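Enquirer:
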Amino acid sequence: MKLWGGRFESETAADLAGFQNSLSFDQRLWRQDIRASIAHARMLGNQGIIPPEDAGKIIRGLESIAVDLETGRLAFPAGEAAVQLEDVHTAIEGWLVERIGEAGKRLHTARSRNDQVQVDTRLFLKDAIAGPDGVDAAVAGLQRVLVQVAERDGELLMPGYTHLQRAQPILLGHHLLAYFWMLQRDRERLADCLRRADACPLGSGALAGVPYPVDREAVARELGFARITENSLDTVADRDYLIEALADLAIIMMHLSRLVEELVLWSSAEFGFVELADAYATGSSIMPQKKNPDGAELIRGKSGRVFGQLVALLAVCKGLPLAYNKDLQEDKEALFDGLDTVRGSLRVMASMLATSRFRGERMEAAARDGFLNATDLADYLVRRGVPFRQAHGIVGQLVRYCLEKGCRLEELSLDELARFAPEGAVAEDVYAALDLRNVVAARKSPGATGDEPFRQQLAAARRLLEDKAGG
Ligand code: ARG
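At position 210 of the sequence shown (counting the first as 1) the number is 1135 in my numbering, and the numbers step up by one without a gap.
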């Protein structure tokens, strides 16, 4: 059933009909479309805009369509039949009229597909982010794995890096929890996006509002929106909430991409810090010895894809005059693909990390080479009265001395350690200061890698996960 044939003399050209058809992808909105139509019909009946009996028939008709779609008794057509149907709104309204006849034709009173598609998409987004299978739950799932691995292997020593050069020793758990907090911000951003999206568009009509005594608040309440939108033109033209959502998804992917990059590096023979489970690695068709981190690399690659969807939607909206333009139909594939890609990536990421084996001996060996305790030797001298800048210079000379000798700082004799320092600045306790475990433990400031602040951080992370589950 075409919704708009009346003023046309000829049929739509087949190529344009195919080109503008959105049913193949917007059918994913069917649950939201039916829910919103039910709320709309109920309001129309209550307000006396359509006969209450017709509203009842519409609601029952829509409910039966929902049941049939859910159970597979009814399915969206593909191919030529789909082209005739145009979009999900047309398909459902057509089925309704087939089922209940004349009354079905009253559903679209005081409504346009322009406000209808907006209510569908907002409902869909809320569920896709905050629902049981939503992005937020998937992010929390990965946070949980990070906390579990940090609890299990967190005390392992490893080199911390700047410029990808070994810098100072840290705990593996501290490194892993860095990602926990990134993901925590991601969840806050998603919640913030939903707060702004939480306004009901219905009643905005095609662009100017509707000349019927609609009760927008009642519809908003029934659909679980916090409020109604304020300006009908803005409402049908606005895709900010989808751009925000895609920006948030892009940031999640950027975080995942950093994490998988470390897995790729760490699983190389050069690092050897981690071994991926066989189930989360793949082989080579030519090199029998290979074990490749394809899953990690794909997540890194797919981040580019989600960034692309964000830029695509920004570009679609740029320069569009008010109010609705069909360009806006391009929002849905970008959104769906972004959501699917992020959820898929988060799931694989969580399993891949949970099943990885961290090689403590390799990480610790790397932390022992490369003078990672050099800063702490300088700090030792500072405690013995040497100004930091001078201490830095002394330790620099000692490092060069060690490089020539081919040894570590802690392998030097007390005489050698004292050679470049002021009289009496170096004593026997210097060896304790150089011990890597002590170097880590000494970092007691809040948020530091030291055992104590690390335990507090772990407890705070665990609490956050529990809070969210409870509330
Ligand atoms: N399929 C359309 C979309 O996604 C629905 C709105 C159509 N409105 C219109 N005036 N053609 O944007």
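Beta carbons: idealized from backbone N, C-alpha and C, even for Gly.
Owing to the predicted nature of the structure, the values given are computational and were not obtained by experimental measurement.
Could you give the DSSP three-state label for N1363: helix, strand or coil?
Expert: Helix at N1363.
Enquirer: Classify P1347 as helix, strand or coil using the three-state DSSP reduction.
Expert: Correct three-state label for P1347: coil.
Enquirer: Rounding to the nearest angstrom, what Cα-Cα distance links Q1009 and M926 in this structure?
Expert: Distance between the alpha carbons of Q1009 and M926: 8 Å.
Enquirer: Between Y1137 and the ligand ARG, is there a pair consisting of the residue's CB and a ligand heavy atom that are separated by less than 7 Å?
Expert: It does not: the Cβ of Y1137 is nowhere closer than 7 Å to a heavy atom of the ligand ARG.
Enquirer: Assign G1085 to one of three DSSP states: helix, strand, or coil.
Expert: G1085 falls in the strand class under three-state DSSP.
Enquirer: For the ligand ARG, I want to know if V1042 counts as a neighbour, meaning its beta carbon is within less than 7 Å of at least one of the ligand's heavy atoms.
Expert: Yes; taking the cut-off as 7 Å, the Cβ of V1042 has a heavy atom of the ligand ARG nearer than that.
Enquirer: Looking at the strands, I want to know which residues DSSP matches up with Q1093.
Expert: Looking at the DSSP assignment, Q1093 forms a beta bridge with G1085.
Enquirer: Can you determine whether any heavy atom of the ligand ARG sits closer than 7 Å to the C-beta of K927, and answer yes or no?
Expert: False, no ligand heavy atom lies under 7 Å from that Cβ.
Enquirer: To which residues does DSSP link I1153 through a beta bridge?
Expert: For I1153, which the question treats as bridged, DSSP gives the partners C1125.
Enquirer: Assuming A1385 and G1066 form a contact by the criterion Cβ under 8 Å, report the distance between their Cβ atoms to the nearest whole angstrom.
Expert: Rounded, the Cβ-Cβ distance is 19 Å, inconsistent with contact.
Enquirer: Apart from the five residues on each side of it in sequence, which residues of its chain come closer than 7 Å, Cβ to Cβ, to P1371?
Expert: P1378, listed in sequence order.
Enquirer: Relative to the C-alpha of D940, which residue among V1267, V1324, G973, E1011 is closest?
Expert: The shortest C-alpha separation from D940 is found at E1011.
Enquirer: Which residues in the same chain have their Cβ closer than 8 Å to the Cβ of E1391, if we skip the five residues on either side of it in sequence?
Expert: Correct list: empty, nothing qualifies.
Enquirer: Who are the near neighbours of K1216 in its chain, counting only those whose CB is closer than 6 Å to its CB and skipping five residues on each side?
Expert: Here the set comprises A1206.
Enquirer: Within 10 Å of its beta-carbon, does L1245 have 16 or more other beta-carbons around it, so buried, or fewer, so exposed?
Expert: Looking at its Cβ environment, which holds fewer than 16 other Cβ atoms inside 10 Å, L1245 is exposed.
Enquirer: Since I believe L1108 is in contact with H1033 (beta carbons under 8 Å), could you give me their beta-carbon distance rounded to a whole number of angstroms?
Expert: The pair is not a contact, with the Cβ atoms about 43 Å apart (cut-off 8 Å).
Enquirer: What I want to know is whether the C-beta of R1146 ends up closer than 7 Å to one or more non-hydrogen atoms of the ligand ARG.
Expert: Every heavy atom of the ligand ARG is 7 Å or more from the Cβ of R1146, so no.
Enquirer: Is Y1166 near the ligand ARG, in the sense that its beta carbon is under 7 Å from a heavy atom of that ligand?
Expert: False, no ligand heavy atom lies under 7 Å from that Cβ.
Enquirer: Which residue from D1045, Y1356, R956, Y1249 puts its Cα closest to that of V1161?
Expert: Considering only alpha carbons, the answer is Y1249.
Enquirer: Could you check if L1067 belongs to the surroundings of the ligand ARG, using beta carbon to heavy atom distance under 7 Å?
Expert: Incorrect: L1067 has no Cβ contact closer than 7 Å to the ligand ARG.
Enquirer: For the ligand ARG, any of its heavy atoms closer than 7 Å to the Cβ of S947?
Expert: Under cutoff, so the answer is yes.
Enquirer: Compute the distance between the beta-carbons of H1099 and T1374, then report whether it is under 8 Å.
Expert: Closer than 8 Å, so yes.
Enquirer: Secondary structure at T1280, three-state DSSP: helix, strand or coil?
Expert: Looking at T1280 - three-state DSSP - the assignment turns out to be coil, as it is neither helix nor strand.
Enquirer: Just to confirm, are R1121 and Y1166 a CB contact at a threshold of 8 Å?
Expert: Going by C-beta atoms, R1121 is nearer than 8 Å to Y1166.
Enquirer: If you measure from the CB of Q1009, is any heavy atom of the ligand ARG nearer than 7 Å?
Expert: False, no ligand heavy atom lies under 7 Å from that Cβ.
Enquirer: Shorter than 7 Å, the distance from the beta carbon of R893 to the closest heavy atom of the ligand ARG, or not?
Expert: The structure shown has nothing for residue 893, since the chain only spans 926 to 1396.
Enquirer: Out of D1219, L1383, L1359, V1231, which has the shortest C-alpha to C-alpha gap to Q1406?
Expert: The structure shown has nothing for residue 1406, since the chain only spans 926 to 1396.
Enquirer: Can you check the region 1201-1281 for any beta strand (DSSP E) of at least 3 residues that lies completely inside it and give the ranges in chain order?
Expert: Counting only runs of 3 or more, we get nothing.
Enquirer: Whole angstroms are fine: how far does the CA of I974 sit from the CA of S1129?
Expert: Each residue's Cα considered, the two are about 16 Å apart.
Enquirer: Is it the case that the region 1045-1053 contacts the region 1080-1089, given that we only count it when at least three CB pairs across the two stretches are under 8 Å?
Expert: The region 1080-1089, when compared against the region 1045-1053, does not touch it at the 8 Å Cβ threshold.
Enquirer: Would you check whether the ligand ARG has a heavy atom nearer than 7 Å to the C-beta of Q1254?
Expert: Yes, the ligand ARG has a heavy atom inside 7 Å of this Cβ.
Enquirer: Once DSSP output is grouped into helix, strand and coil, what is the label at V1324?
Expert: Three-state result, V1324: helix.
Enquirer: Please report the distance separating the alpha-carbon of D1340 from that of L1188.
Expert: Near 42 Å, if we compare the C-alpha coordinates of L1188 and D1340.
Enquirer: Following a CB-centred definition, is K1369 positioned closer than 7 Å to any heavy atom of the ligand ARG?
Expert: No.
Enquirer: Once you ignore the five residues that flank A938 on each side, which residues in its own chain have a CB closer than 8 Å to its CB?
Expert: There are no such residues.
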